[in-house]
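Number of protein chains: 2
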Amino acid sequence: MQEELDDRKKRILHAVIRNYLETGEPVGSRTISKYTDLNLSSATIRNEMSDLEEMGYIIQPHTSAGRIPTDRAYRLYVDSMMEEKDREIEELKGMLLRTEDKMDKVLKNVANLLATNTNYATVVSAPQIRGNRLKFLQLSKVDESQILAVIVMEGNVIRNEIIHVDEPISDENMLKLNILINTHLNGLALEEINLGMITALKEQAGIHSSIVGNVIDALAMAIKGEEDLEVYTSGANNILKYPELADKQKASELIQTFEEKKALAKLATDKLAEEGNTGIQVYIGDEAPIDSMKDCSMVTATYELEEGMRGSIAIIGPKRMDYDKVVSSLKTMMKELERIYKKE
Amino acid sequence: MQEELDDRKKRILHAVIRNYLETGEPVGSRTISKYTDLNLSSATIRNEMSDLEEMGYIIQPHTSAGRIPTDRAYRLYVDSMMEEKDREIEELKGMLLRTEDKMDKVLKNVANLLATNTNYATVVSAPQIRGNRLKFLQLSKVDESQILAVIVMEGNVIRNEIIHVDEPISDENMLKLNILINTHLNGLALEEINLGMITALKEQAGIHSSIVGNVIDALAMAIKGEEDLEVYTSGANNILKYPELADKQKASELIQTFEEKKALAKLATDKLAEEGNTGIQVYIGDEAPIDSMKDCSMVTATYELEEGMRGSIAIIGPKRMDYDKVVSSLKTMMKELERIYKKE
DNA sequence: ATTAGCACTCAGTTTATTAGAGTGCTAACA
DNA sequence: TGTTAGCACTCTAATAAACTGAGTGCTAAT
Numbered sequence: 001m002q003e004e005l006d007d008r009k010k011r012i013l014h015a016v017i018r019n020y021l022e023t024g025e026p027v028g029s030r031t032i033s034k035y036t037d038l039n040l041s042s043a044t045i046r047n048e049m050s051d052l053e054e055m056g057y058i059i060q061p062h063t064s065a066g067r068i069p070t071d072r073a074y075r076l077y078v079d080s081m082m083e084e085k086d087r088e089i090e091e092l093k094g095m096l097l098r099t100e101d102k103m104d105k106v107l108k109n110v111a112n113l114l115a116t117n118t119n120y121a122t123v124v125s126a127p128q129i130r131g132n133r134l135k136f137l138q139l140s141k142v143d144e145s146q147i148l149a150v151i152v153m154e155g156n157v158i159r160n161e162i163i164h165v166d167e168p169i170s171d172e173n174m175l176k177l178n179i180l181i182n183t184h185l186n187g188l189a190l191e192e193i194n195l196g197m198i199t200a201l202k203e204q205a206g207i208h209s210s211i212v213g214n215v216i217d218a219l220a221m222a223i224k225g226e227e228d229l230e231v232y233t234s235g236a237n238n239i240l241k242y243p244e245l246a247d248k249q250k251a252s253e254l255i256q257t258f259e260e261k262k263a264l265a266k267l268a269t270d271k272l273a274e275e276g277n278t279g280i281q282v283y284i285g286d287e288a289p290i291d292s293m294k295d296c297s298m299v300t301a302t303y304e305l306e307e308g309m310r311g312s313i314a315i316i317g318p319k320r321m322d323y324d325k326v327v328s329s330l331k332t333m334m335k336e337l338e339r340i341y342k343k344e
Numbered sequence: 345m346q347e348e349l350d351d352r353k354k355r356i357l358h359a360v361i362r363n364y365l366e367t368g369e370p371v372g373s374r375t376i377s378k379y380t381d382l383n384l385s386s387a388t389i390r391n392e393m394s395d396l397e398e399m400g401y402i403i404q405p406h407t408s409a410g411r412i413p414t415d416r417a418y419r420l421y422v423d424s425m426m427e428e429k430d431r432e433i434e435e436l437k438g439m440l441l442r443t444e445d446k447m448d449k450v451l452k453n454v455a456n457l458l459a460t461n462t463n464y465a466t467v468v469s470a471p472q473i474r475g476n477r478l479k480f481l482q483l484s485k486v487d488e489s490q491i492l493a494v495i496v497m498e499g500n501v502i503r504n505e506i507i508h509v510d511e512p513i514s515d516e517n518m519l520k521l522n523i524l525i526n527t528h529l530n531g532l533a534l535e536e537i538n539l540g541m542i543t544a545l546k547e548q549a550g551i552h553s554s555i556v557g558n559v560i561d562a563l564a565m566a567i568k569g570e571e572d573l574e575v576y577t578s579g580a581n582n583i584l585k586y587p588e589l590a591d592k593q594k595a596s597e598l599i600q601t602f603e604e605k606k607a608l609a610k611l612a613t614d615k616l617a618e619e620g621n622t623g624i625q626v627y628i629g630d631e632a633p634i635d636s637m638k639d640c641s642m643v644t645a646t647y648e649l650e651e652g653m654r655g656s657i658a659i660i661g662p663k664r665m666d667y668d669k670v671v672s673s674l675k676t677m678m679k680e681l682e683r684i685y686k687k688e
């Protein structure tokens, strides 16, 4: 049952898959017999298809219907396809050219573009910066009771936090505090800041030691806040366009998964990191550990802006999605993103 | 045809509406006859209903079906309901208590809470700050070729922009630039910064005049960026739960409207501002100028944190939404938001 | 090994039938 | 005069029955 497919079987299977991708209907032997250049009668095809079914590549939804590909067939198809040359999708490139925008806008844009262009749903997650280092930290007085802490990390990720203080602080002390904190903490990653350092800092800060505590808290908050990553989605409505997903119950669940985003983004990001894989990953049906997605496929790509700053893009559609186009689109987007942000 | 409804007609109409809200099915005379405490036979009810139909408050989807309320009836119902006392929804309050979070998280939270609690879709837009003034502007050197501009506006709205510079700038000059810009621009609204001022500033900045230009641009960008407002949505999947909205074509359009957000937020924000209305607004069917929403109702509320800082919350559901509950929920949320952010 | 031919299967569509909810109208009633 | 009981009528929705056609599996011939 596990033996290799001979060439003819492969061609027939491919024909079945391609045809099903287009129509969404089960394909019969007669169709294949005409559709391919194999010049075989439908009867022959039937025999072959019968074999293929036994091997688990195709199934009949019911006796006397055509065959549809199983997840296994898709897997084979995708794998063989991945090796082929990249077909570029030029139009996308042009549309993204409004460079220099802020990252979040560009990412939103990416999500939208891909969704409208492919007619599937998309998820784009912003680069993660775990393990990132503090570049500098700037404290400014907002008013008598509030201090603004601007935190700049490597990769120019910027956060601000407002700190409340009980006693007013003089401009001079403010300056000292700034210098004190920066000389001690710059260049450190969050994990490297230990209790000893904090205590030492507080001692040196004298009367304003409580502020130091607040600043550290803010710092922790800011970096932590960064960790539960930002995610942009688009094209959820596309899901309803594919009858096999548009069942009310299921569609509702899927859209909900979509709104919650987190799980999706994690999936897209995690797997890729763990395999050191910088390329493209395809999950078909149950391969993704999300229940509501068992009738979908998901294609993910990772982009890397700097060492460690990785984000991901994912496209979700029916199992019979146009893998070819999706993969090309993703590749294009990845490259564009890296081109825009990699250096500068 | 426009004459007043007598009391009995009103009660019957109310009964029809309430019943339809619950069941989503057309309601017949017999049901009303039993459901109400009017002690009237179905025949009498029929006569009255016939009148109500003539007056345009109810219609039959087809001969020999019960009646369903028209938009006009809902309007009447909502108007009369609005005057009634507020029934509080306590549970919501508790859940929002995680104060002190950042605004965007709280707003997202509000959207989620309302969506899960009401089973409708929600839109929350962050406060707008048009016409807001600059509190101060802090420039810091990130590295040789980049400057970070932190812009703090009234209401502690904070933006940052990275500015690229060609020639390195000394710490001393940086300080001067900071002072120069702040002394000239603090307290001004964007509209008040004119070309003359910019020219004067540039002159005084000497060799770093180009940076001043960049800073002004960044300022403009930041404030402008703030204007195309942030919007959080949740519960889009709920739409599929109501058969009258779950038609694939329509649902898809609705969800798309939902993803685009902007139009919705504008609607929620604009109308309320224009009428100086601080309360709650209800759009039934065509009353909202968005095509995809003609089968929905939308209830909006505005919250005001400080003078001019207003945002809105909207709930979208089928026409037969539970207006009563929705209105209470919105009121609760408004109050909570104002409580959390109003002073501090 | 391939193919033509035929009997068989079964989802999906069409058509007919029925059941039930609801109405409008009339006539009786208080 | 307003209310009600009763009945004929209408129309949807549900159910059943009949039909269609795509597609298969198997057998026998090439």
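Residue numbers (my numbering), protein chains in the order written: chain A, 1 to 344; chain B, 345 to 688. Glycine included, C-beta positions come from ideal geometry on N, C-alpha and C. Here the structure is a predicted model, which is why all the values come from computation and not from measurement.
Should residue i be flagged as near chain B, meaning a C-beta pair shorter than 8 Å?
i	result
A/L40	no
A/S234	yes
A/R98	No answer about A/R98 holds up, because its pLDDT of 49 lies below 50 and its placement is not dependable.
A/V152	yes
A/A220	no
A/L148	yes
Nearest to residue i by CA position, among the options, is which residue?
i	options	result
B/F602	B/R411, B/K452 and B/M637	B/M637
B/Y464	B/A612, B/V670 and B/N522	B/V670
A/A222	A/M153, A/V165 and A/A205	A/M153
A/P168	A/I17, A/T36, A/E244 and A/I207	A/I207
A/Y350	A/L76, A/Q146 and A/I68	Because chain A here runs from 1 to 344, residue 350 of chain A falls outside it and cannot be looked at.
B/I628	B/S373, B/Y418 and B/V371	B/Y418
A/A205	A/K176, A/I316, A/G196 and A/N194	A/K176
A/M298	A/S170, A/D71 and A/R339	A/D71
A/V123	A/L264, A/R339, A/Q281 and A/Y341	A/L264
B/S672	B/I389, B/G655 and B/I659	B/I659
B/D350	B/L396, B/S373, B/K675 and B/E648	B/L396
B/I624	B/D423, B/S553 and B/E488	B/D423
A/M334	A/L107, A/G28, A/I32 and A/V16	A/L107
So, is residue i buried or exposed, given that buried needs 16 or more other C-beta atoms within 10 angstroms?
i	result
B/T644	buried
A/T199	exposed
A/I158	buried
A/R87	Only weak support is given to the placement of A/R87: the predicted model assigns it a pLDDT of 49, under 50, and the question is left unresolved by the model.
A/A43	exposed
B/T460	exposed
B/K663	buried
A/Y242	buried
B/P413	buried
B/P405	exposed
A/Q249	exposed
B/S377	buried
So with Cβ pairs under 8 Å, would you call residue i a contact of chain A?
i	result
B/I361	no
B/S484	yes
B/A658	no
B/A387	no
B/G595	Checking the sequence, you will find Ala at residue 595 of chain B rather than Gly. Closer than 8 Å: yes.
Comparing the CB of residue i with every heavy atom of the ligand NAD, is any distance shorter than 7 Å?
i	result
A/T118	Questions concerning the ligand NAD fall outside what the structure shown contains, since it holds no ligand whatsoever.
Please name the residues in the segment 597-614 of chain B whose beta-carbon is closer than 7 Å to at least one beta-carbon of chain A, in chain order.
I599, Q600 and E603
Residues of the segment 580-591 of chain B in Cβ contact with chain A at a cutoff of 9 Å, in chain order, please.
A580, N581, N582, I583, L584, K585, P587 and A590
Let me know the beta strand (DSSP E) ranges lying completely inside the segment 349-418 of chain B, each 3 residues or longer, listed in chain order.
none
Can you give me, in chain order, the residues of the segment 155-170 of chain A that have a beta carbon less than 7 Å from any beta carbon in chain B?
Those residues of the segment 155-170 of chain A that come within reach of chain B (Cβ to Cβ, closer than 7 Å) are N156, I158, N160 and I162.
Residue ranges of each beta strand (DSSP E) run of no fewer than 3 residues wholly in the segment 107-180 of chain A, ordered along the chain?
121-128, 134-143, 146-153 and 157-164
Within 7 Å of chain A by C-beta, residues of the segment 638-652 of chain B in sequence order:
Those would be none; no residue qualifies.
Mind checking the segment 111-139 of chain A against chain B and listing, in chain order, the residues whose C-beta falls within less than 8 Å of any C-beta there?
K135, F136 and Q138
Could you list the residues in the segment 408-427 of chain B with a C-beta less than 7 Å from some C-beta on chain A, going in chain order?
So the list is empty, because no residue satisfies the distance condition.
Sequence ranges, beta strand (DSSP E) only - wholly within the segment 179-255 of chain A, length at least 3
231-234
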